[in-house]
Each structure stands twice: as structure tokens, then as C-alpha cells.
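Protein sequence lines correspond, in order, to chains G and X. Sequential numbering of the first sequence, starting at 3, is according to this note's numbering. Sequential numbering of the second sequence, starting at 6, is according to this note's numbering. Quick reminder that beta carbons are idealized off the backbone N, C-alpha and C, glycines included. Quick caveat: nothing in here was measured; it's all calculated off a predicted structure.
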Amino acid sequence: GAGVSQSPSNKVTEKGKDVELRCDPISGHTALYWYRQSLGQGLEFLIYFQGNSAPDKSGLPSDRFSAERTGGSVSTLTIQRTQQEDSAVYLCASSFNPLGTSEETQYFGPGTRLLVL
Amino acid sequence: KQEVTQIPAALSVPEGENLVLNCSFTDSAIYNLQWFRQDPGKGLTSLLLIQSSQREQTSGRLNASLDKSSGRSTLYIAASQPGDSATYLCACEGGGADGLTFGKGTHLIIQP
């Protein structure tokens, strides 16, 4: 079956522009996660959705970042007024069961490579 | 706050050798620990997941162990092959809604 898909695969934008990144999770997966991988840095957790709800948004780097999920499926991560430090690979993952289920594996998409000039 | 450290940061070995990658974490209150591989320009592929109540998991030539009390996990790769070349990431899932906490990875090169 289809895995997690993300679009676009690459995005180049100018500083100050808004960008929207999309994630399509595996069908039937209730949990969805966004991570960021910056050059030379580890993977950084951004936000988690259980269904359409995000219990904790404190992982988002700044108030320029927002995320939503509709219909318990597709999620979008929006970055407003992009800055050069936002350049990174943005990875989405999904899992069948929510966080705290000890046997749950997260399945990752290929990522969106964002470059802010 | 959970911190995950992976040693070594990079490793290059000849084909056929057995090798061990190390992962340590500071908070033993985890639900599970997962090992992933990441190939250049691609997403993550899950290799093994060890639940907090388990000590090890095996898949083919891979064996991962977990010692919660000491905050350590190892990934053992037997009879390494050039196709094993990738970055290997260790990640812990704790309580709450914090997702996975990742180490920075071990960049592995298997020389043909």
C-alpha cells in the first residue's frame, strides 16, 4: 500500500514569503507528526496530531509556524514570513495508534526540502 | 528533557565485519526505543522497535538491545554489506505529546 507522501518534494522561496507544506499519511493512521531536520542538526519534533487535534503546540519554533489537520487525514504545515533559518528538511510521519502506545512504529515520508533565499 | 546521544558520529569499516552502534538516553521513562536508517536525500526507514518491557529485537542481520536502567541501546549489524551504508538514527518515545526524541545519528560507510 501507499506510504506517507509529502509535497512539494523541494521548495525554494524568498525570505518573507509564506510557504505551505503538505502531508498525506498512510490511510487509517490516526496519529500524524511533523519533524524538522536542519543541516548538521538532529531531527527536531514540531507537532503531533491525534485525529484533527494537536494536544501540544509548544514544539513549533515560533508563532510564524502553524499546522492543521482536517478530516483526520491530510495535514498542512504553514510557515509565514519565512526566514533563512527555516531552511531545512521537513518530515512528516504517521502511526496507527496514538503516542503512548508502546509498540507503535512511526512511518516517515520522504520530506520536503525547503530553501529560503 | 530527554537527550539522546549516538556514538560514534561516523564509522567506516570493510565489508563483512560485524559492528555495534551505540545510543544513550538520559530519561529512562520511555515507552519504546526505535532504530531508523536514513539514506541520502530520503526519509527514514524503521528498522527495529523495542518496547520498554523488552530487552532486544532482531530482524535479519540486525539486533537491537535495550537497557533502560542504564539508559543505553545498541544496534548490532552482522556481516556488514555495502548496502548497509546509511545514517542510523536512534529515537526514544516518552510520555506526553512530544513525539520522538532523536539522536544525531551515526553515519556508516561499508567499504566494498
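Touching by the beta-carbon criterion (3+ pairs, under 8 Å), the stretch 19 to 31 of chain G and the stretch 80 to 99 of chain G: yes
Status (buried if at least 16 other CB within 10 Å, exposed otherwise) for residue 114 (chain X): exposed
Stretch-stretch touch, CB-based, cutoff 8 Å, three pairs: the stretch 45 to 57 of chain G with the stretch 5 to 17 of chain G: no
For residue 23 (chain X): DSSP bridge partner residues: Bridge partners of residue 23 (chain X): none, in fact.
Per DSSP, cross-strand counterpart(s) of residue 92 (chain G): G:38 and G:114
Backbone CA spacing between residue 52 (chain G) and residue 34 (chain G) [nearest angstrom]: 7 Å
Residue from X:97, X:112 and X:86 with nearest C-alpha to residue 20 (chain X): X:86
Within chain G, partners of residue 86 (chain X) - CB distance below 8 Å: Those within 8 Å of residue 86 (chain X) in chain G number zero; the least Cβ separation is about 23 Å.
With 16 other Cβ atoms within 10 Å as the buried cut-off, status of residue 57 (chain G): exposed
Close beta carbons around residue 36 (chain X), own chain, < 6 Å, minus the five adjacent residues each side: 57 and 98
8 Å contact criterion, which residue 113 (chain G) and residue 93 (chain G) should meet: CB distance rounded: 5 Å
Alpha-carbon to alpha-carbon, residue 27 (chain G) and residue 76 (chain G): 7 Å
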